[in-house]
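Residue numbers (this note's numbering): 864 to 1393.
I have placed the structure first, in the form of structure tokens, so that the comments after it can refer back to it.
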Ligand SMILES: [Ca+2]
Ligand SMILES: [Ca+2]
């Protein structure tokens, strides 16, 4: 790059000869500081359906799941230990989770499709802006000149955003073959990239690369099932065969959840093909084998797309995100589904690799999936939309800070209301379960540094430890009613209430002040709280 005074001098001397041509040349030199800045970055946002971070070796060293491509992304990028979805007011946890990703808004500030009143705030225009569709991920990136493309499962997401992707190939693919399974989603992306190459399309792209698996039904490909000793079990009247190649039970496995968590009869807990209401060792280990077979296939498909980007010369200029819409239990805490707030389900896997992103870095982050929109905008040099409530975690990706917030809030209210709430700060986490209708009033307090698997007293039972091989220490338990932690519990209870107020949670729990009575209004009846 010539020095500025050289340019001025060069311009003075030659201006009389070919002024227009040289003027343009000089302008060009000044306007383009470096070749790298000419190209805007691409985005490949990979999202899988229902995956616990503990499936993956990067989060659980004892996992036998083989994911070389995801591991490579982790080695070349930033791995988040503190990535969460904010929650759900529906048994279909996908729905609010994916709506939060598309809108960058918090869980009580997003629309709720159809006639469902699952989110009581959904019809309040002050809390859920009517013009929200024009401020969603595809709308914002379309306006900024990006080519937007998506493939994903159908349903349980925010359709007014989905329809705005310029190219869209959605289908629910949970079968055991390439045409009916995860390979289909990869084929859509590969065909899109081939088409761009044929047209020599140089616009930057945003590809939303969604998979339908490992959400049930977890029908794996035969060769991958064999690796994990699993079968696509369909007979409700028999148990799947035991096989030593199957993944071990989760460390926090229980044969049943110790109490009614307000939604024990939800589909995921009683009707998933292959598991149903069973929690025996053979059923759970086989189902984990199926889960792993499905995830390994996803990893293979991701590898195909990454290789293609490399061949096209686009890989180095592409930010790659890997995550899931929420976690899943599959035997942990005696649960099967995604309708709870334990770490295996509230947390999500989250990896980012790309230009300027630190390599091989591990961070807490304390991010929500709803921060993705703000972050993508920040990385693309686009202003986040006015409706956005997320925080860009670009400073975390670039090593400028380790986290974007200190307090995390989670909600689950898809069953009996109000349902479950949790709050986390540092090592401490409070979970509360409330249903006046069911007579459920339970509080759990965990120190996650000492008890990362959220062991309960039931995890110490002989019939459990004989299966898991783990005997939790006496302090690795629910500390909510331990007088030594009364002060900590009070602090966490206050934090939870503050978060519920801040986020317009329309409910209050049994031992929280009733906002209406504080205002001198009559206390809400049970019926109104439902
Ligand atoms: Ca899901
Ligand atoms: Ca284009």
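We put the beta carbon where it would ideally sit given N, CA and C, even for glycine.
task = Return the chain-ordered list of same chain residues with a C-beta closer than 7 Å to the C-beta of residue 1135, the five sequence neighbours on each side being excluded.
result = 1079 and 1199
request  = In angstroms with no decimal places, state the Cα-to-Cα distance between residue 1378 and residue 906.
outcome  = Residue 1378 and residue 906 have their alpha carbons spaced roughly 44 Å apart.
query = Residues in its own chain within less than 8 Å of residue 1246 by CB, not counting five upstream and five downstream?
reply = 1240
Which listed residue (994, 1013, 986 and 1028) has its alpha carbon closest to that of residue 1005 = 1028
message = By the three-class DSSP mapping on this structure, what secondary structure does residue 1256 have?
response = coil
ask   = What does DSSP give as the partner residues of residue 1287 in its beta bridges?
value = 1271 and 1292
task = From the DSSP output, in three-state form, read off residue 1351 for me.
result = helix
ask   = Would the beta-carbon of residue 1363 fall within 8 Å of that of residue 1291?
value = Between residue 1363 and residue 1291, the CB-CB gap reaches or exceeds 8 Å.
query = Ends of the beta strand (DSSP E) at residue 905?
reply = 905-912
request  = Can you say whether residue 1309 is buried or exposed, counting buried as having 16 or more other CB atoms within 10 angstroms of its CB?
outcome  = buried
ask   = For residue 1267 versus residue 1297, is the C-beta spacing smaller than 8 Å?
value = no
request  = May I ask which residues mark the beginning and end of the beta strand (DSSP E) holding residue 1075?
outcome  = Bounds of the beta strand (DSSP E) holding residue 1075 are 1068-1077.
request  = State buried or exposed for residue 1243, treating a residue as buried only when at least 16 other CB atoms are found within 10 Å of its CB.
outcome  = buried
task = Check whether the Cβ atoms of residue 940 and residue 1015 sit closer than 8 Å, and answer yes or no.
result = no
message = Taking 7 Å as the cut-off, is the beta-carbon of residue 1201 closer than that to any non-hydrogen atom of ligand 1?
response = Flag set: Cβ of residue 1201 near ligand 1.
query = Taking Cβ to Cβ, would you say residue 973 is nearer than 8 Å to residue 962?
reply = yes
inquiry  = Based on DSSP bridge pairs, tell me the residues matched to residue 1308.
reply    = The partner list for residue 1308 (beta bridge, DSSP) reads 1293.
task = Throw me the rounded Cβ distance for the residue 808 and residue 1044 pair, which I believe falls under 8 Å.
result = Shown here, the chain extends from 864 to 1393; a query on residue 808 therefore has no answer.
ask   = Per DSSP, what kind of secondary structure is residue 1298 in: helix, strand or coil?
value = strand
task = Flag this pair as yes or no: are the beta carbons of residue 1273 and residue 1126 separated by less than 8 Å?
result = no
task = Take residue 1097 and list the residues in its own chain whose beta-carbon comes closer than 8 Å to its own, dropping the five residues that flank it on each side.
result = 1136 and 1137
message = I want to see whether chain D comes within less than 8 Å of residue 1305, judged by CB atoms only; does it?
response = As a matter of chain content, chain D is missing from the structure shown, which is built from one protein chain.
message = For residue 1139, count the other beta carbons within 10 Å of its own beta carbon; 16 or more makes it buried, fewer makes it exposed. Which is it?
response = exposed
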